[in-house]
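Everything on this sheet refers to the single structure shown next.
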Amino acid sequence: MPRVELTPAAAGLLRRLRATHGPLTFHRSGGCCDGSAPLCCPAGAFRTSGSDVLLAELEVEDVEESVPFWVSRSQYAVWSQGRGSGFS
0 MPRVELTPAA AGLLRRLRAT HGPLTFHRSG GCCDGSAPLC CPAGAFRTSG
50 SDVLLAELEV EDVEESVPFW VSRSQYAVWS QGRGSGFS
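Residue numbering for the sequence shown follows numbering that gives the first Met the number 0, beginning at 0 and increasing consecutively.
Now the structure itself:
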């Protein structure tokens, strides 16, 4: 079971963003409320570290490179214990 999935509409949006901004990356912070919204950034604009976990490499049709999806280690720990939920 994949940890992150793309709907067809989300994949279409990623194709358009990639065409405009180049390679992309996602990061989901461990904050709350608006601070926990996933960020979609140009690749390299958001620096990850040992405090982040790579959840997935999203494959998007007609996009050369995969789109990494990172999450903060603290948020990953909460999700791994069966708490928390998703986002849309």
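Every residue, glycine too, gets a C-beta built ideally from N, C-alpha and C. Remember, it's a predicted structure, so these values are computed and weren't measured experimentally.
Could you tell me the distance, in whole angstroms, from the CA atom of residue i to the CA atom of residue j?
i                : j            : result
valine 52        : glycine 21   : 23 Å
phenylalanine 25 : valine 66    : 7 Å
methionine 0     : threonine 19 : 31 Å
serine 73        : arginine 15  : 31 Å
aspartate 68     : proline 37   : According to the sequence displayed, residue 68 carries phenylalanine and not aspartate. Using only the alpha carbons, I get a separation of about 9 Å.
glycine 11       : alanine 44   : 22 Å
valine 62        : leucine 13   : 9 Å
Less than 8 Å between the C-beta atoms of residue i and residue j, yes or no?
i           : j          : result
leucine 54  : proline 41 : no
arginine 27 : serine 71  : yes
In the structure shown, what three-state DSSP assignment does residue i receive?
i         : result
serine 71 : strand
Would you say residue i reaches chain D, if we count a Cβ-Cβ gap shorter than 8 Å as a contact?
i          : result
leucine 38 : Of the protein chains in this structure there is only one, and it is not chain D.
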